[in-house]
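Data first, discussion second: the structure below is written as structure tokens.
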Amino acid sequence: MSFNKYMLNKINERHESGLYRELSIYPTSSVDFSSNDYLGIAKSNSTGSTGSRLISGNSKKIVNLENTFSKLVGSEASLFFSSGYQANVGLIPALSDRDTVIFYDELIHASLRDGIRLSLASSFSFRHNDLGHLESRLSNSNGKKIIIAEAVYSMDGDSPCVDSLIDLCNRYGAELIIDEAHSFGISGVKGLGLVADKQLSSQILATVYPLGKAVGSSGCFIAGSKILREYLINFCRSFIYSTAPSLSIVKEVGSQLNELIFLENRNKVIENKNYFLERIKAKNILTGQNSAIVSVQYGDSKSLKNIESLLFDNGIVVKAILYPTVAKGTERLRICFHTFNSKKEIDLLLNILNQDN
5 MSFNKYMLNK INERHESGLY RELSIYPTSS VDFSSNDYLG IAKSNSTGST GSRLISGNSK
65 KIVNLENTFS KLVGSEASLF FSSGYQANVG LIPALSDRDT VIFYDELIHA SLRDGIRLSL
125 ASSFSFRHND LGHLESRLSN SNGKKIIIAE AVYSMDGDSP CVDSLIDLCN RYGAELIIDE
185 AHSFGISGVK GLGLVADKQL SSQILATVYP LGKAVGSSGC FIAGSKILRE YLINFCRSFI
245 YSTAPSLSIV KEVGSQLNEL IFLENRNKVI ENKNYFLERI KAKNILTGQN SAIVSVQYGD
305 SKSLKNIESL LFDNGIVVKA ILYPTVAKGT ERLRICFHTF NSKKEIDLLL NILNQDN
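Just so you know, the working numbering puts 292 at position 288 of the sequence shown, and the rest follows in order with no gaps.
In structure tokens form, the structure reads like this:
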């Protein structure tokens with residue numbers, strides 16, 4: 005059974021049982037005996053959402069923001085969450101049951117791992133970006149299959165071949181979830197991430213767009229089909245039982261997305277990264293073409309902490325990433341490049357790191 009058919013069947017069951025949920029928008033002139041705004045503070049300053057979106061927290065502004073975002077990334081629909089963590093820990097359990105098998109890249113984010121743990125599905129990791137290993141896992145599995153990957157991995161800075169993942173999905177009857185946390189705003193011609201850049205939204209079950217990185221805001225969109233949106237409204241517990249984002253957040257996200265669309269110096273991030281890569285002496289470098297992230301591996305926590313302290317003493321903030329965030333022996337400095345980093349700043353960073361090598 006396809007996931008679309010599965011979701012439609014579950015939605016129809018809700019209709020037939022009288023338990024179907026849908027979002028409503030009430031006139032501001034309505035007498036309120038429903039919201040959680042007990043002291044009237046949200047009503048007086050017009051910023052608080054007053055409740056979950058299924059009770060009193062829905063608004064035209066949120067719906068309009070979702071519609072705008074869907075058009076931006078080329079998806080049929082989207083649903084807004086307060087954070088990427090909230091989205092991931094709700095999305096995966098909502099789509100899974102005991103007949104589901106999840107295959108996930110071993111380096112996916114903790115929020116995706118927690119979503120898997122909260123689900124009823126069986127789950128198997130595959131070696132990082134190793135599609136041969138993934139295929140061997142898929143070929144030995146029955147049931148509904150979901151593959152979970154990231155467009156850019158937060159610690160290594162590299163990317164999977166999304167086209168190849170889709171090909172595996174088609175061959176083995178699987179569905180794909182892609183998290184664009186570290187690619188949205190950076191990757192692709194317009195900075196809209198790998199899925200939108202390749203116009204692949206219709207071939208992917210769900211694309212997750214957290215906004216706390218390049219967009220400089222908060223919140224998260226899950227983009228996909230209209231059926232997916234309707235399904236999540238009915239079955240995603242982290243959406244159903246959470247207070248809606250405040251209207252101030254909704255306004256900020258709209259403003260930041262508009263700034264992102266017209267940003268002219270986006271390429272400066274990759275230029276700065278490449279300037280660094282051309283001059284760094286260390287050989288144990290991890291990065292990818294589509295990311296702002298460069299990791300310099302040390303494998304020795306003591307030396308790594310000493311370098312972190314030396315950089316800090318020279319006015320440079322770079323964090324040491326230690327086990328268990330990364331595997332033992334792969335401890336690293338995680339360097340993130342920005343449009344605002346100057347060549348002088350990068351040279352200072354290089355001078356200190358190159359002295360160590």
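Here a beta-carbon is modelled for each residue, glycine too, at the ideal position from N, C-alpha and C.
The beta-carbon distance between L352 and N318, rounded to whole angstroms, is 7 Å. This is short enough to meet the 8 Å contact definition. In the DSSP annotation of this structure, C340 is not part of any alpha helix (DSSP H); the continuous beta strand (DSSP E) holding it starts and ends at 336-340.
Look at P214 here: in three-state DSSP terms it is strand. Unbroken alpha helix (DSSP H) stretches of 4 residues or longer found wholly inside the stretch 74-159: 88-99, 114-122, 135-143, given in chain order. DSSP places C224 within a strand segment (E or B) once states are collapsed to three. Under the three-state reduction of DSSP, Q301 is assigned to strand. Its chain contains S250, L251, S252 as the residues whose beta carbon lies nearer than 8 Å to that of T51, once the 5 sequence neighbours on both sides are disregarded; these appear in chain order. With a cutoff of 9 Å on beta-carbon distance, K14 and N288 are scored as not near each other. For the set S6, G61, S100, G22, the Cα lying nearest the Cα of F243 is the one of G61. Closest in C-alpha terms to Y89, from the list S33, D183, L281, comes D183.
Counting along the chain, the unbroken alpha helix (DSSP H) around E263 starts and ends at 251-265. Taking 9 Å as the cut-off, the Cβ atoms of R336 and L290 count as close. Counting C-beta atoms within 10 angstroms of its own C-beta, H19 has fewer than 16 neighbours from the protein chains shown and is therefore classed as exposed. Under DSSP, T247 forms a beta bridge with S56.
Comparing alpha-carbon positions, the option among I190, K9, L23, T54 lying closest to S246 turns out to be T54. C-alpha of E349 to C-alpha of L95: approximately 40 Å in a straight line. Two segments are said to touch when three or more pairs of C-beta atoms, one from each, lie closer than 8 Å; by this definition the stretch 172-186 touches the stretch 153-164.
Here F73 really is in contact with F225; their C-beta atoms are around 5 Å apart, less than 8 Å. Taken atom to atom, the span from the alpha-carbon of R270 to that of A46 is near 37 Å. H113 sits buried, since 16 or more C-beta atoms from the chains shown fall within 10 Å of its C-beta. About 6 Å separates the CB atoms of F128 and F107; that is less than 8 Å, so the two are in contact. Residue pairing by DSSP places K323 opposite R338 in a beta bridge.
Taking C-beta atoms as the reference points, D109 and P164 count as a pair closer than 9 Å. Only residues of its own chain outside the window of five on either side were considered, and among them F280, R283, I284 have a CB closer than 7 Å to the CB of L354, listed in chain order. Less than 9 Å divides the Cβ of S145 from the Cβ of Y176.
One thing to note: G192 has its Cβ no nearer than 9 Å to the Cβ of L209. Contact check for R338 against V298 passes: the beta carbons are separated by less than 9 Å.
Membership of A200 in the alpha helix (DSSP H) is indicated by the continuous run 198-201. Measuring C-alpha to C-alpha distances from V257 to each of P214, R233, N276, Q293 identifies P214 as the nearest. Residue state for A178 is assigned as strand, using DSSP reduced to three classes. Ranked by Cα distance from Y302, the first of N276, F316, K332 is K332. Contact between L135 and S86 does not hold, since the beta-carbon distance rounds to 34 Å and is not under 8 Å. The three-state secondary structure of D183, taken from DSSP, is strand. Note on V199: 16 or more other CB atoms within 10 angstroms of its CB, so buried under the neighbour-count rule.
In this structure I231 is in contact with N8, their Cβ atoms being roughly 6 Å apart against a cut-off of 8 Å. In this structure, DSSP gives I289 an extended state, which the three-state scheme calls strand.
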